[in-house]
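Under the numbering used here, the residues of the sequence shown are numbered 2 to 356, in order.
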Amino acid sequence: MGPHPAVAAIRLAVRRVLHDILTELNCATTSGIPERAAAGVLAADSARERPQPPLVLVACSGGADSMALASALAFEAPRLGVRAGGVTVDHGLQAGSDLRAEEVVLRLRELGLDPVESAAVTVGRTGGPEAAARDARYAALDAAALRHGAAAVLLGHTRDDQAETVLLGLARGSGIRSLSGMAAVSGAGGRYRRPFLEVDRQTARKACMVQALPVWDDPHNVDPAYTRSRLRHEGLPALEKALGKGVVEALARTAQLSRDDADALDTWARQAEAGVRDATGQLECAKLYALPPAVRRRILRRAAIDAGAPAGALFARHIEEVDRLITGWRGQGAINLPGKVVARRQGGRLVIRQG
């Protein structure tokens, strides 16, 4: 008899991602690309110059999603010749968080993962509590990946998380890129992988239950002070009540379709940018005006970021105001953007720079 369907589903998802990682590493090796080897992923044995098996880490909070992911990685990795390790991040936001992190480390080691470590972080205030915790967490995971020379870090975001992310992007009104949700592959060099974006949260929890894996339910996940928590426990259930079952699947599908469209528009904008600059590199308003709005605004956003505007603080309303310097020019003054960046129209050129 094979494994429980829930266990089979999570293992298959992880197996596919590990195959992708191995394929990419093999292509990099055979084509002579040195980046991953330089990072230590394929570090040679000092005596025989034999490459070590690649290391894949799992980011684990101890919750059902990440524990299910850790168990699937522990099962699949040795069968594919991959080393498996784990990292848990102690945000220090709750009493006893250090002890809980130690418990997670023990559970990961019991699964057979090695290396395993706990990383304590200090959460700042920039962007609100959720964004600050996320920034601190990814900084710790980046550091762990570099320290151990990991080929990738697996994250336990599920299809339900993807649906929530799409709704949050819709509420911000930030355009199609926000509706594209979380990418299956992201981070520097494709470091972060999300195997469970097509697996629902209930399947992950069921996999933990049938494998008798202890899980920890973060109280922040049910705290109405957090936007995502309210969406999870109030917003999505209300949508399902009004629209029927299948909302989560539809939102996840919307994310993928939106990502495909956004990627295509980004490519178009990169290709078009050179044609709207003059010999000195300044943006020409007349040529920008001739572009489709979706392409033009992407060029404006990239120009603002290049000038020093923080990407996370640059919203659609900022770009719309800059766009009016091109499409609704009436002699208006400069537009102030985050990061002390200023956009103004001068002699038919759009000048975007700090100060």
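For glycine and all other residues, C-beta sits at the position ideal for the given N, C-alpha and C.
Please state whether the Cβ-Cβ distance between V15 and A75 is less than 7 Å. For the pair V15 and A75, the CB atoms are not nearer than the 7 Å cut-off.
K242 and A7: beta carbons closer than 7 Å? Not in contact: K242 and A7 (Cβ atoms no closer than 7 Å).
Quick one: residues in its chain with C-beta nearer than 7 Å to the C-beta of V296, no 5 flanking neighbours on either side, listed in chain order? Cβ neighbours of V296 beyond the five flanking positions: L266, W269, A270 and A273.
With a threshold of 7 Å on Cβ separation, who are the neighbours of G102 within its own chain once the five nearest residues in sequence on each side are excluded? The sequence shown places Ala at residue 102, rather than the Gly named in the question. T89, D91 and S119.
Length of the line joining the Cα atoms of L142 and A121: Distance between the alpha carbons of L142 and A121 is about 11 Å.
Apply the 10 Å Cβ neighbour rule to D99 and answer buried if 16 or more other Cβ atoms are within range, or exposed otherwise. D99 should be labelled exposed.
Backbone CA spacing between Y227 and G190 [nearest angstrom]: Note on geometry: alpha-carbon atoms of Y227 and G190 lie some 31 Å from one another.
Assigned exposure category for V42 - 16 Cβ within 10 Å defines buried: Because the pLDDT at V42 is just 49, under 50, the model does not fix this residue reliably, and the value given afterwards should be weighed accordingly. Answer is buried; the Cβ neighbour count reaches 16.
Check the DSSP bridge columns for Q347 and list the partner residues they point to. Residue pairing of Q347 in beta bridges, as defined by DSSP: R350.
Is A185 closer than 7 Å to L198 when the C-beta atoms are compared? Their beta carbons are under 7 Å apart, which means L198 touches A185 by this criterion.
Would you mind stating whether S181 and S67 have Cβ atoms separated by less than 7 Å? No. Outside cutoff.
How is Q95 classed by DSSP in three states: helix, strand or coil? DSSP places Q95 outside both helix and strand once states are collapsed to three, so it counts as coil.
Starting from N337, trace the beta strand (DSSP E) both ways and give me its first and last residue. Note, N337: beta strand (DSSP E), I336 to L338.
Is it buried or exposed, E165, if we count other Cβ atoms within 10 angstroms and call 16 or more buried? Its Cβ being crowded by 16 or more others within 10 Å, E165 is buried.
How long is the line joining the alpha carbons of L289 and G245, rounded to whole angstroms? About 44 Å.
With C-beta atoms as the reference, is A310 less than 7 Å away from L156? Cβ atoms of A310 and L156: not closer than 7 Å.
Could you pull the start and end residues of the alpha helix (DSSP H) that L266 belongs to? For L266, the enclosing alpha helix (DSSP H) has its first and last residue at V248 to E274.
Within 7 Å, strictly: CB atoms of A151 and L58: Their beta carbons are under 7 Å apart, which means A151 touches L58 by this criterion.
My output table needs one value for P52: the three-state DSSP class, helix, strand or coil. If DSSP states are grouped into helix, strand and coil, P52 belongs with the strands.
Using only the alpha-carbon positions, how far apart do R331 and Q347 sit? R331 and Q347: Cα-Cα distance of roughly 12 Å.
Cutting at 8 Å between CB atoms, please list the residues of its own chain near P220, excluding the five before and the five after it. Once the five neighbours on either side are set aside, the close Cβ partners of P220 are Q95.
Using only alpha-carbon positions, find the residue among N27, P55, C209 and G3 that is nearest to V83. Here the closest residue by C-alpha is P55.
Name the two residues that bound the continuous alpha helix (DSSP H) containing G81. Correcting the residue type first, residue 81 is Leu in the shown sequence and not Gly. No residue range can be given for L81, since it is assigned to no alpha helix (DSSP H) and is classified by DSSP as neither H nor E.
Same chain, Cβ closer than 7 Å to R202, five either side skipped, listed in chain order: Same-chain partners within the cutoff: D66, T159 and D161.
By Cβ distance, which residues of its chain are closer than 7 Å to R195, with the 5 residues on each side in sequence left out? L156, H158, M183 and A185.
Write down the C-beta distance between V154 and A146 rounded to the nearest angstrom, noting that I regard them as a contact closer than 8 Å. Right, the Cβ-Cβ distance comes to about 5 Å (below 8 Å), so this counts as a contact.
Candidates A140, L107, G334 and G340: which alpha carbon is nearest Y193's? For the residues A140, L107, G334 and G340, the minimum Cα distance to Y193 belongs to A140.
Looking at the strands, I want to know which residues DSSP matches up with T89. S119, per the DSSP bridge assignment.
Exposed or buried, what is Q355 when buried is set at 16 or more other beta-carbons lying within 10 Å of its beta-carbon? Of the residues assessed, Q355 falls on the exposed side of the cut-off, its CB having fewer than 16 other CB atoms within 10 angstroms.
Minimum C-alpha distance to A134 - residue among P116, G93 and G174: When each option's Cα is compared against that of A134, the closest is G93.
Using the C-alpha atoms, what's the distance from A291 back to G188? Between the alpha carbons of G188 and A291 lies a gap of roughly 34 Å.
First through last residue of the alpha helix (DSSP H) which encompasses A152: A152 -> no alpha helix (DSSP H), and no H or E assigned at all.
Given a threshold of 16 other Cβ atoms within 10 Å of its Cβ, counted over all protein chains shown, does Q163 qualify as buried or as exposed? Residue burial is scored here from C-beta neighbours: Q163 has at least 16 other C-beta atoms within 10 angstroms and is therefore classed as buried.
If the criterion is Cβ atoms closer than 7 Å, does the pair V167 and A304 meet it? No, these two residues do not count as a Cβ contact at 7 Å.
Under the assumption that I327 contacts R302 (Cβ atoms under 8 Å), give the Cβ distance between them as a whole number of angstroms. About 13 Å separates the beta carbons of I327 and R302, which is beyond the 8 Å limit, so they are not a contact pair.
Grouping DSSP H, G and I as helix and E and B as strand, with all else coil, what is S187? Secondary structure at S187: strand, using DSSP grouped into helix, strand and coil.
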